[in-house]
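Student:
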Amino acid sequence: MRIIKKKKIADPEVVVSLPAIVTGSFFYTGFFPIASGTVGSLAALLIFFIEPALEPVVLFSLVIIFFAAGTLSARPIMKRYGDDPSVIVIDEVVGMWITILLFIAFGKTELSFFNAAACFVFFRLFDIIKIQPAKYFDESKSAFGVMMDDVIAGIYAGIVCVIISYTGFYPF
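Residue numbers (the working numbering): 109 to 280.
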């Protein structure tokens, strides 16, 4: 059994533009050989350590822009690498940002390292288990579906993290 997966190419004839690869793989994190979705989700958190006082309206704008860019970049990448390839991690980035956005906008406490870590864990959990309607979008095999299943996971994780923040449960 191989621990490091080689990226499968469904159609080597398809050439994907550099902007699509950079966007869809979120600056090449999608090419990480192990757990590229997890790496993409972690990369999404970096913005909060670079600019911790990010306003919800700015983050919401980034979510909209990256959702649109992710949907557009996913199409050619899917033609080359197949349905929902691990190279595409922009969906994890958007989902993670939605989780953080909900926490920043509605949570009782500020975003700290521990809160961000908890948001990350809950997002990855919901992204992996795919509760409806996330499962529906995951099975749709479209660029929009690739993005939407992580949007739903981000919403679920954000709601859970906000609720936990009001309970006083550590680390919130």
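The C-beta atom is built at its ideal place from N, Cα and C for all residues, glycine as well.
Note that the structure is a prediction, hence the values are computed from the model and not measured.
(1) Quick check on this structure: which residue in Lys187, Tyr136, Gly276, Gly215 has the alpha carbon closest to the alpha carbon of Val270?
(2) Have a look at Gly262 and Phe175 and give me their C-alpha separation to the nearest angstrom.
(3) Is Pro127 buried or exposed, if buried means 16 or more other CB atoms sit within 10 Å of its CB?
(4) Take every Cβ of the segment 140-147, pair it with every Cβ of the segment 187-205, and state whether three or more of those distances are shorter than 8 Å.
(5) Contact defined as beta carbons within less than 8 Å: I believe Val171 pairs with Trp205. What is the distance between those atoms, to the nearest angstrom?
(6) Could you tell me the distance, in whole angstroms, from the CA atom of Leu233 to the CA atom of Glu121?
(7) Can you name, in chain order, every residue of its own chain whose Cβ lies under 6 Å from the Cβ of Tyr264, other than the five neighbours on each side?
(8) In chain order, what residues of the same chain have a beta carbon less than 6 Å from the beta carbon of Asp257, not counting five sequence neighbours either side?
(9) Taking DSSP as the reference, what is the three-state secondary structure of Asp192?
(10) Between which two residues does the alpha helix (DSSP H) carrying Val270 extend?
(11) Rounded to a whole number of angstroms, what is the C-alpha to C-alpha distance between Phe156 and Ile117?
(12) In its own chain, which residues sit with a C-beta less than 7 Å from the C-beta of Cys227, not counting the 5 before and 5 after it?
(13) What number of angstroms, rounded off, separates the C-alpha of Val124 from the C-alpha of Ser273?
(14) Give the secondary structure of Pro184 by DSSP, where H, G and I count as helix, E and B as strand, and everything else as coil.
Tutor: In brief:
(1) The residue labelled residue 270 in the question sits at position 162 within the sequence shown. Of Lys187, Tyr136, Gly276, Gly215, the residue nearest in Cα terms is Gly215.
(2) The count along the sequence shown starts at 1 and reaches residue 262 at position 154. The count along the sequence shown starts at 1 and reaches residue 175 at position 67. When rounded, the distance between both Cα atoms is 13 Å.
(3) Here the question's residue 127 lines up with position 19 in the sequence shown. That one is exposed.
(4) yes
(5) Looking up residue 171 in the sequence shown gives position 63. Looking up residue 205 in the sequence shown gives position 97. Indeed, because the Cβ distance is near 5 Å, the residues count as touching under 8 Å.
(6) Within the sequence shown, the letter at position 125 stands for residue 233. Within the sequence shown, the letter at position 13 stands for residue 121. For Leu233 and Glu121, the distance between alpha carbons rounds to 36 Å.
(7) Reading the sequence shown from its first residue, position 156 is the one you call residue 264. Taken in chain order, the residues that qualify are Phe234.
(8) Counting from 1 along the sequence shown, the entry for residue 257 is found at position 149. The answer, listed in chain order, is Ala242, Phe245, Asp246.
(9) By one-based count along the sequence shown, residue 192 stands at place 84. The answer is coil: DSSP assigns Asp192 none of H, G, I, E or B.
(10) As a first step, residue 270 is located in the sequence shown; it is residue number 162 there, counting from the start. Unbroken alpha helix (DSSP H) run through Val270: 251-275.
(11) Locating residue 156 in the sequence shown gives position 48, counting from the first residue. Locating residue 117 in the sequence shown gives position 9, counting from the first residue. The alpha-carbon atoms of Phe156 and Ile117 are separated by roughly 34 Å.
(12) Looking up residue 227 in the sequence shown gives position 119. Excluding residues within five positions, the ones whose Cβ falls inside 7 Å are Thr207, Ile208, Phe211, Ala265, Cys269.
(13) The sequence position of residue 124 within the sequence shown is 16, counting from 1. The sequence position of residue 273 within the sequence shown is 165, counting from 1. Answer to the nearest angstrom: the Cα atoms are 42 Å apart.
(14) Counted from its first residue, the sequence shown places residue 184 at position 76. Three-state DSSP puts Pro184 in a helix.
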